[in-house]
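The structure appears below as structure tokens.
Number of protein chains: 2
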Amino acid sequence: MQRDSSTEDRILASARKIFLDRGLEGARMQDIADDAGINKALLHYYFRNKEKLFDTIFVQVVDEFLPRIFAILNGDQPLFEKIKLFCSEYIGQIIQTPYVPMFIIQEVNRDPQRFIKKVMHGKHPPFQKIIAQINQEIKQGIIKPTNPVQLLLNIISLCIFPFLARPMIQTVTGMSNKDFFHLMEQRSEEVCSMIIYSIKA
Amino acid sequence: MQRDSSTEDRILASARKIFLDRGLEGARMQDIADDAGINKALLHYYFRNKEKLFDTIFVQVVDEFLPRIFAILNGDQPLFEKIKLFCSEYIGQIIQTPYVPMFIIQEVNRDPQRFIKKVMHGKHPPFQKIIAQINQEIKQGIIKPTNPVQLLLNIISLCIFPFLARPMIQTVTGMSNKDFFHLMEQRSEEVCSMIIYSIKA
DNA sequence: GTCTATAACTCGATAGAC
DNA sequence: GTCTATCGAGTTATAGAC
């Protein structure tokens, strides 16, 4: 709780924290109010209801996360450089905000329509360019013939999954938080070289 | 709803369906009762409360899912065969029950203690054998020097992640259910050959 | 075992004073 | 803008008849 910032900002910061931790259904307006140092009534004064408050946070979180993927994938670098960039930037980013991937996946699963309406609406399919690039580099003989969609799935899977399954991984292996994040820092390089090795001609 | 089976079995079948679809917090006892063709009071007669009913389903689902992983990983085949087995068996299995991975991940995230108490308690760490095998095959020169934990993470990530992110993937790419499952059927072979290619000496 | 009725409680939302 | 007090809907859980 930050007593010095404006009420609305404190609400947003607290809502983000609680929603990221527990999702829409798990979060309690009371807990958000407590964390922000105000009462429930004031939450409704600023954001008319729970849904609207959640929407604000959801869009905020998704809009600072997904564009990073697409920005790198749609850049102008050669494919190998993109992959390298993606792995290091992306895993680095998730290490800073490890709850974000699970939050997004969970909420898109619970209500895909919200995602379509609030986030995707009006945006064009963001994978066109990278798919074209993959096909072109195949034709040029830089990489082996590869299904572009599978390749993209591979990259994203390898980077994100461990953070989704983190509680289970740590439970099953007995890793501490420190162990886990250390493993993830190594992983960036690991994933990158594996992907590139698997596709280079 | 199966009118011919016993009440308890019908409750379990309905609870499984509803809990898998919506999780502990999203599921309503009323919906489970409706689906089973009985009333709420009878749910409490058979399973004292929602938690206990959920625990039963959770343990059931996890116990028929995780052991499949461990059985293959702890078998006696050479590593390459294990990986091949794992990819085909595992993706094939998930295609049959595509909601299971998300259900498990979500509920372990929400309450890791339940997982520890109800599932892991008393079981020994299940990755010892496969890790030893990986290290041995490295020493024998069959596979390249590799961090065993990263390798296992890679295999599991590649197989499971697409099913966790399925609603988002289908939204972003515009794939139909049929398209998606077709892609996943190809994927088994795809993942297998990629992994093996990346580690063979 | 199975039902109806309802108690007990949680939680989002609102009224109204300051 | 911010608070206290309270309403009312929705849910789990129980009492008690059959």
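Sequence lines, in order, name chains A and B. For reference, each letter of the first sequence is one residue, going -11 to 189 in this note's numbering. For reference, each letter of the second sequence is one residue, going -11 to 189 in this note's numbering. Here a beta-carbon is modelled for each residue, glycine too, at the ideal position from N, C-alpha and C. Note that the structure is a prediction, hence the values are computed from the model and not measured.
Tell me the rounded alpha-carbon separation between residue i and residue j.
{"i": "R154 of chain A", "j": "V160 of chain A", "result": "10 Å"}
{"i": "V49 of chain A", "j": "K117 of chain B", "result": "40 Å"}
{"i": "P133 of chain B", "j": "E125 of chain B", "result": "9 Å"}
{"i": "G162 of chain B", "j": "F115 of chain A", "result": "11 Å"}
{"i": "P136 of chain A", "j": "E69 of chain A", "result": "16 Å"}
{"i": "Q138 of chain B", "j": "K28 of chain A", "result": "46 Å"}
{"i": "S186 of chain B", "j": "D167 of chain A", "result": "25 Å"}
{"i": "S76 of chain A", "j": "E178 of chain A", "result": "10 Å"}
{"i": "K72 of chain B", "j": "C180 of chain B", "result": "6 Å"}
{"i": "Q101 of chain A", "j": "E(-4) of chain B", "result": "35 Å"}
{"i": "A3 of chain A", "j": "Q18 of chain B", "result": "30 Å"}
{"i": "D23 of chain A", "j": "E39 of chain A", "result": "18 Å"}
{"i": "I122 of chain B", "j": "G25 of chain B", "result": "51 Å"}
{"i": "Y87 of chain B", "j": "S164 of chain B", "result": "17 Å"}
{"i": "P113 of chain A", "j": "N97 of chain A", "result": "19 Å"}
{"i": "S(-6) of chain A", "j": "L31 of chain A", "result": "13 Å"}
{"i": "L65 of chain A", "j": "F74 of chain A", "result": "Note that residue 65 of chain A corresponds to Gln in the displayed sequence, not to Leu. The alpha-carbon atoms of Q65 of chain A and F74 of chain A are separated by roughly 11 Å."}
{"i": "F128 of chain A", "j": "I119 of chain A", "result": "The amino acid at residue 128 of chain A is misidentified as Phe; the sequence shows Gln. So the two alpha carbons sit approximately 14 Å from each other."}
{"i": "A1 of chain A", "j": "L12 of chain B", "result": "27 Å"}
{"i": "I82 of chain B", "j": "Y34 of chain A", "result": "44 Å"}
{"i": "Q94 of chain B", "j": "Q94 of chain A", "result": "7 Å"}
{"i": "L141 of chain A", "j": "M156 of chain B", "result": "12 Å"}
When you compare the CB of residue i with every CB in chain A, is at least one pair closer than 9 Å?
{"i": "I93 of chain B", "result": "yes"}
{"i": "Y78 of chain B", "result": "no"}
Can you check whether the C-beta of residue i is within less than 9 Å of a C-beta belonging to chain B?
{"i": "I164 of chain A", "result": "In the sequence as presented, Ile is not what sits at residue 164 of chain A; that position holds Ser. No, S164 of chain A lies away from the interface with chain B (no Cβ there is under 9 Å from its Cβ)."}
{"i": "N27 of chain A", "result": "no"}
{"i": "H103 of chain A", "result": "Position check: residue 103 of chain A holds Phe in this sequence, whereas His was assumed. Yes, contact with chain B."}
{"i": "R(-2) of chain A", "result": "no"}
{"i": "S238 of chain A", "result": "Shown here, chain A extends from -11 to 189; a query on residue 238 of chain A therefore has no answer."}
What residues from chain A crowd round residue i, counting only those whose CB sits closer than 8 Å?
{"i": "T161 of chain B", "result": "P113, F115, V137"}
{"i": "L8 of chain B", "result": "By Cβ distance, chain A contributes nothing, its closest Cβ being about 12 Å from L8 of chain B, past 8 Å."}
At a CB-CB cut-off below 7 Å, which residues of chain A make contact with residue i?
{"i": "E13 of chain B", "result": "E13, G14"}
{"i": "L152 of chain B", "result": "I93, L152"}
Can you list the residues of chain A that residue i reaches, using a CB-CB cut of under 9 Å?
{"i": "M17 of chain B", "result": "Neighbours of M17 of chain B on chain A: none; closest Cβ ~15 Å, over 9 Å."}
{"i": "Y185 of chain B", "result": "Y185, S186"}
At 7 Å on the CB atoms, spell out the chain B contacts of residue i, in chain order.
{"i": "N97 of chain A", "result": "M90, P155"}
Could you work out which residues of chain B lie near residue i, taking near to mean beta carbons separated by less than 9 Å?
{"i": "P100 of chain A", "result": "P155, M156, Q158, T159"}
For this session: Anything in the stretch 132 to 150 of chain B with a Cβ closer than 8 Å to a Cβ of chain A? List those residues in chain order, please.
Result: N135, V137, Q138, L141, N142, I144, S145, L146, I148, F149, P150
Problem set entry | Against chain B: residues of the stretch 61 to 75 of chain A by CB proximity under 8 Å | none
Exercise. Any contact of the stretch 49 to 60 of chain B with the stretch 103 to 116 of chain B, i.e. 3+ C-beta pairs under 8 Å?
Worked result: yes
Problem set entry | Segment contact flag, the stretch 7 to 17 of chain B with the stretch 136 to 153 of chain A, C-beta cutoff 8 Å, min 3 pairs | no
Exercise. Taking Cβ-Cβ distances below 9 Å as the criterion, which residues of the stretch 166 to 180 of chain B are in contact with chain A?
Worked result: L171, Q174, R175, E178, V179
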